[in-house]
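Engineer: Residue numbering for the first sequence follows numbering that gives the first Met the number 0, beginning at 0 and increasing consecutively. One structure, as structure tokens, below. Some questions next.
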Amino acid sequence: MPNVESITRGLNREQRDAIAHTEGPLLVLAGAGSGKTRMLTHRIAYLIGSGRARPREILAVTFTNKAAREMRERVHALLDADARGAQVATFHSTCMRILRREIAQLGYEPGFAIYDQADSLALVKRVLRALGAGVRAWPPRGVRARIDRLKNRGILPDDLVGGDDEDTQRFAEIYQRYQTELRRSNALDFGDLLVLTVRLFETRPEVLDSYQRRWRYVLVDEYQDTNPVQYRLLRLLVAAHQNLCVVGDEDQSIYAFREADIRNILDFEKDFPGANVVRLEQNYRSTQPILDAASAVVAHNLERKGKRLFTERDGGELVRMYEASDERDEASFVVSELLSWRDRGVRLADSAVFYRTHAQSRPFEEELLKYNLPYAVVGGTRFYDRKEVKDALCYLRAIRNPHDSESLLRIVNEPARGIGRTTIERVLACANERGVSIWSALGIALEEKRLGGAAFKRVSAFVELMEGFRAEAPGDSIGQLLARLLNATGYVAALEKEATVEAEARLDNLNELLSAVEEFERVNAPGVEEQENGDEPRDLLDLYLEQVTLLSEADTLDPSDDRLVLMTAHVAKGLEFPNVFVVGLEEGIFPHFASLDDPSAVEEERRLCYVAMTRARDRLVLCRAETRRLHGSLRYNQPSRFLSEIPGELASGDRPGDGGYAVGGERFPAEPSAGVRIDFSHAQWSPDDLPPFQAGQRVEHPIFGPGSVVEVAGSGSDAKLRIRFDRAGMKTIKLRYAELDLLN
DNA sequence: GACGGCTAGACTCTA
DNA sequence: TCTAGCCGTC
0 MPNVESITRG LNREQRDAIA HTEGPLLVLA GAGSGKTRML THRIAYLIGS GRARPREILA
60 VTFTNKAARE MRERVHALLD ADARGAQVAT FHSTCMRILR REIAQLGYEP GFAIYDQADS
120 LALVKRVLRA LGAGVRAWPP RGVRARIDRL KNRGILPDDL VGGDDEDTQR FAEIYQRYQT
180 ELRRSNALDF GDLLVLTVRL FETRPEVLDS YQRRWRYVLV DEYQDTNPVQ YRLLRLLVAA
240 HQNLCVVGDE DQSIYAFREA DIRNILDFEK DFPGANVVRL EQNYRSTQPI LDAASAVVAH
300 NLERKGKRLF TERDGGELVR MYEASDERDE ASFVVSELLS WRDRGVRLAD SAVFYRTHAQ
360 SRPFEEELLK YNLPYAVVGG TRFYDRKEVK DALCYLRAIR NPHDSESLLR IVNEPARGIG
420 RTTIERVLAC ANERGVSIWS ALGIALEEKR LGGAAFKRVS AFVELMEGFR AEAPGDSIGQ
480 LLARLLNATG YVAALEKEAT VEAEARLDNL NELLSAVEEF ERVNAPGVEE QENGDEPRDL
540 LDLYLEQVTL LSEADTLDPS DDRLVLMTAH VAKGLEFPNV FVVGLEEGIF PHFASLDDPS
600 AVEEERRLCY VAMTRARDRL VLCRAETRRL HGSLRYNQPS RFLSEIPGEL ASGDRPGDGG
660 YAVGGERFPA EPSAGVRIDF SHAQWSPDDL PPFQAGQRVE HPIFGPGSVV EVAGSGSDAK
720 LRIRFDRAGM KTIKLRYAEL DLLN
């Protein structure tokens, strides 16, 4: 057993408090970079090392596999080999493991498939078609998102109450059918993993009881991002002993779109009476200017407990700001900075570029290619989302679980084997009529001679092919199975015949998949992890398929390569880099335009900006572009409000907003000129009234000079004016920030 | 049943 | 700008 002294050595007082408080509910408010992973891992080690818990009595839940892996490794480093075996996993994989054991009680089979977003969308489309719901009234993506939101709130079709209006009823019908089809496929979507586990615990007290007794200590990372169904799950798990330790930072709650509820962390003390609270405010990552700038931004939010981050690090550069003319200029500025740093010996891997949306990566990629600089775009289209890779995996899935209809439909005519739309329609009709899976319907169609001569032959050949693989699948290595499968199905031959650059790339990807599979088999001696937990070893193919599905964006990041990483601010959470560029800081981009008319959504954008800024250890550079091409059209964006929320003394470079403008290379002073400032704090008009400007009026702007109002858009404090300035041309001015003089 | 060409609509963020 | 889905032709 490790020495308890050695476990707490080197921790600060607050961290030690958090570790020593082992019994009952505990809320740890951990600011960015305050050593929360350290606290969590040492807490696990302490629980075991002090003899309070056996490893298997501990459950630690995170949001990404990467975080789980890191935590597991760090716990292992603190403990002897025989003290390992605490379950450290994501919410989704924790639920998946529970369901693999228990799901028969809910009427599914343990070998269920897991549907990712693409599978789920395909199923929604099939359901809409079967129900005759038009895509205009029921856009598939919207329906999928609505179902997902409900599941994240723990609501299954049976729970939908009331709603006598047509929309609600029709939606309930769609949702019900979607869920029925999932069950017929013996498949679960991401939301099901959570909601069905809660359902299981709520309907089977004896099952819940066994897990309550098993996991006597529960730890949760990133608690601010839990959604209602995760919250319910945690409450159920700790109901008996209340040994729940949650760690989080309300300023880093950025997953409202998947129903994360910031109130979970804000109300923790109310939900768990008698909870202890520990605050970790000492930051071990960033310089003071970076911390102050990030804190100043997030201080503009109302929904927070408030904290003051400090560091013992001395000095540090000011936060830099750069104003680019367009997105290409923004990219070339970033790359030129990187080049000059590289000349001074800074590794590329020590820098990262964060943007709001994936679509912003492109100009950076082009610029980096120009200089032959290695880079990695994290996210976007994942390797496993590529068509050929997905096809190959669907073959494996269909062999493992033939009733997985989405997989089967995907590969039934891939490569083309003459089973076309007409045949499929017939089989689908049969499946709907009998209420069975597509695989069963294929059998029925053959048996009852429902298909024409040619179709009959092709379908029975396909069925035989799949059955042949099913019969020989066990015992075989996955790599061998996959290789044989790709050849026997003619998949490889079809690509080779195509002989295009694209086909060549697809073949490369399949080879890459093969090596990945082999690597997986090499690393995972049969069911290692499961055996540590005292469970039955699991089938390797099952493990592989679910691992691939539950893999997240950041999980694939390999820090040993010297390459620049580009990623969204969401993916960046939990990571840190010496040098960080946050780009595209413009109104409508970051904050994203979809959030602009909702104050709480803007607060979430602000938290996201805070997350991005606090990833930086030594240098932080903030960029924006005056114009940007988006979806093919040119847009003029105002500087992000977040930029003007940073106090002037913390920043250097082109400061927008009340810190002065740079226009055409010329610097303008921060002090407003004699223009009449419209002071909204004593507004003569209520925010919902029309703004006091009309098209056609002549106005004067302190920087752009005289001009004519062309258009007034929006109302209240979000109103915008389009003004054609005599010298500076057409500009869009946000009324809130405008210092306009009426000239009439 | 396969394939090519055209058009409307979409990109926010993710396990 | 890109792509999924539709339509027409062989």
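Cβ coordinates follow ideal geometry from the N, Cα and C atoms, glycine included.
1) Can you give, in chain order, each stretch of the beta strand (DSSP E) that sits fully within the region 18-67 and has at least 3 residues?
2) Is the beta carbon of valine 522 sitting closer than 8 Å to the one on tyrosine 543?
3) From leucine 39 to leucine 218, what distance separates their C-alpha atoms?
4) So does the region 285-303 actually touch the region 603-623, counting three or more Cβ pairs closer than 8 Å?
5) First and last residue of the beta strand (DSSP E) that includes serine 350?
6) Using the C-alpha atoms, what's the distance from leucine 368 back to proline 577?
7) Just the C-alpha distance for proline 373 and leucine 619, rounded to the nearest angstrom, thanks.
8) Examine the Cβ distances between the region 639-656 and the region 53-65 and report whether three or more of them are shorter than 8 Å.
9) Proline 204 lies in the alpha helix (DSSP H); which residues open and close that run?
10) For glutamate 108, count neighbouring Cβ atoms within 10 angstroms of its own Cβ and tell me buried if that reaches 16, exposed if not.
11) Hey, quick one: how far does the alpha helix (DSSP H) through aspartate 390 stretch, first residue to last?
12) Keeping to the same chain, check which residues put their C-beta closer than 7 Å to that of isoleucine 15; ignore five residues upstream and five downstream.
13) Where does lysine 150 land, buried or exposed, given buried means 16+ other C-beta within 10 angstroms?
14) Leaving out the 5 sequence neighbours to the left and right, which residues in its chain are closer than 8 Å to asparagine 508 when beta-carbon positions are compared?
15) When you compare each of Ile146, Leu105, Arg433 to leucine 199 by their alpha carbons, which one comes out closest?
16) Going by DSSP in three states, histidine 357 sits in which element: helix, strand or coil?
17) Can we say the region 82-97 touches the region 250-260, given the rule of at least three CB pairs closer than 8 Å?
18) I want to know whether the region 296-306 touches the region 46-53 - three or more CB-CB distances under 8 Å.
19) Taking its Cβ as the centre, do 16 or more other Cβ atoms sit within 10 Å of glutamine 168, making it buried, or is it exposed?
20) Ordered along the chain, which non-local residues of its own chain (more than five positions away) have a Cβ less than 7 Å from that of aspartate 124?
21) Starting from leucine 113, follow its DSSP beta bridges and name the residues at the other end.
22) Go ahead and pull the three-state DSSP assignment for glutamine 479.
23) Can at least three beta-carbon pairs, one atom from the region 195-209 and one from the region 163-180, be found at a separation below 8 Å?
24) Would you list, in sequence order, the uninterrupted alpha helix (DSSP H) runs of no fewer than 4 residues that lie entirely inside the region 573-651?
25) Do alanine 31 and leucine 317 have their CB atoms nearer than 8 Å?
26) Using the Cβ count rule (16 or more neighbours within 10 Å means buried), how would you classify proline 671?
27) Short of 6 Å in beta carbon distance, which residues of its chain neighbour lysine 572, apart from the five on each side in sequence? Order them along the chain.
28) Can you have a look at histidine 630 and say buried or exposed, based on whether 16 or more other CB atoms are within 10 angstroms of its CB?
29) Quick one: Cα of cysteine 429 to Cα of arginine 183, how far?
30) Helix, strand or coil for valine 411? Go by DSSP, reduced to three states.
31) On a CA-only basis, which of Arg396, Leu236, Ile173 is nearest proline 751? Give me that one, please.
32) Leucine 338: buried (16+ other C-beta within 10 angstroms of its C-beta) or exposed?
33) Rounded to a whole number of angstroms, what is the C-alpha to C-alpha distance between glycine 533 and arginine 213?
34) Give me whichever residues DSSP pairs with asparagine 242 in a beta bridge.
35) To the nearest angstrom, how far is it from the Cα of alanine 593 to the Cα of glycine 587?
36) Taking 8 Å as the threshold, find out whether the region 124-133 comes into contact with the region 269-278 through three or more Cβ pairs.
Structural biologist: Concretely, from the data shown:
1) 25-29, 57-61
2) Locating residue 522 in the first sequence gives position 523, counting from the first residue. Locating residue 543 in the first sequence gives position 544, counting from the first residue. The answer is no: Cβ separation not under 8 Å.
3) For this step, residue 39 is matched to residue 40 along the first sequence. For this step, residue 218 is matched to residue 219 along the first sequence. Going by the C-alpha atoms only, they are around 8 Å apart.
4) yes
5) As a working mapping, residue 350 is identified with position 351 in the first sequence. Counting along the chain, the beta strand (DSSP E) containing serine 350 begins and ends at 350-354.
6) Sequence index remark: in the first sequence, residue 577 carries index 578 (1-based). Sequence index remark: in the first sequence, residue 368 carries index 369 (1-based). One C-alpha to the other measures close to 23 Å.
7) For the purposes of this step, residue 373 is taken as residue 374 along the first sequence, with counting starting at 1. For the purposes of this step, residue 619 is taken as residue 620 along the first sequence, with counting starting at 1. Cα to Cα, proline 373 sits roughly 21 Å from leucine 619.
8) no
9) Translated into the one-based positions of the first sequence, residue 204 becomes position 205. Start and end: 204-213.
10) As a working note, residue 108 is residue 109 in the first sequence. Exposed, because fewer than 16 other Cβ atoms sit within 10 Å of the Cβ of glutamate 108.
11) What you label residue 390 is simply residue 391 of the first sequence in a count that begins at 1. Per DSSP, aspartate 390 belongs to the alpha helix (DSSP H) from 386-399.
12) Here the question's residue 15 lines up with position 16 in the first sequence. Per the sequence shown, residue 15 should be read as arginine rather than isoleucine. These residues qualify, in order along the chain: Thr7.
13) Stepping through the first sequence from its first residue, residue 150 is reached at position 151. Flag for lysine 150 reads buried.
14) Along the first sequence, read from residue 1 onward, the residue named residue 508 stands at position 509. Within the same chain, asparagine 508 has close Cβ partners Phe382, Arg385, Glu387, Val388.
15) By 1-based counting over the first sequence, the position of residue 199 is 200. Of the candidates Ile146, Leu105, Arg433, the one whose C-alpha sits nearest the C-alpha of leucine 199 is Leu105.
16) In the first sequence, the residue the question calls residue 357 occupies position 358. Helix at histidine 357.
17) no
18) no
19) Position 169 of the first sequence, counting from 1, holds the residue named residue 168. Exposed, since its Cβ has fewer than 16 Cβ neighbours within 10 Å.
20) Position 125 of the first sequence, counted from the first residue, corresponds to residue 124. The identity of residue 124 in the sequence shown is lysine, whereas the question assumes aspartate. Pro139.
21) For the purposes of this step, residue 113 is taken as the residue at position 114 of the first sequence. A quick correction: the sequence has isoleucine, not leucine, at residue 113. DSSP lists Leu187 as partners of isoleucine 113.
22) Numbered from its first residue, the first sequence carries residue 479 at position 480. Correct three-state label for glutamine 479: helix.
23) no
24) 598-612, 640-643
25) As a working mapping, residue 31 is identified with position 32 in the first sequence. As a working mapping, residue 317 is identified with position 318 in the first sequence. Taking 8 Å as the Cβ cut-off, alanine 31 and leucine 317 do not qualify as a contacting pair.
26) Here residue 671 refers to the residue found at position 672 of the first sequence. Caution applies to proline 671, whose pLDDT of 29 falls short of 50 and renders its modelled position unreliable; the model cannot decide the point.
27) Taking the first sequence and counting its residues from 1, the one referred to as residue 572 is at position 573. Answer for lysine 572: Val610, listed in chain order.
28) If you number the first sequence from 1, residue 630 lands on position 631. Exposed.
29) On the first sequence, residue 429 is found 430 positions in, with the first residue counted as 1. On the first sequence, residue 183 is found 184 positions in, with the first residue counted as 1. Cα-Cα distance, rounded: 14 Å.
30) Position 412 of the first sequence holds residue 411. Three-state result, valine 411: coil.
31) Examination of residue 751 is not possible in this model, given that the chain is present from 0 through 743 alone.
32) Here residue 338 refers to the residue found at position 339 when the first sequence is read from its first residue. Classification of leucine 338: exposed, given that the 10 Å Cβ count is below 16.
33) For the purposes of this step, residue 533 is taken as residue 534 along the first sequence, with counting starting at 1. For the purposes of this step, residue 213 is taken as residue 214 along the first sequence, with counting starting at 1. Per-residue confidence for glycine 533 stands at a pLDDT of 49, beneath the threshold of 50, marking its modelled position as unreliable; the derived number appears in the next sentence. Using only the alpha carbons, I get a separation of about 12 Å.
34) Looking up residue 242 in the first sequence gives position 243. Asparagine 242 is not bridged to any residue.
35) Mapped onto the first sequence, residue 593 falls at position 594. Mapped onto the first sequence, residue 587 falls at position 588. Straight-line Cα distance between these residues: approximately 8 Å.
36) no
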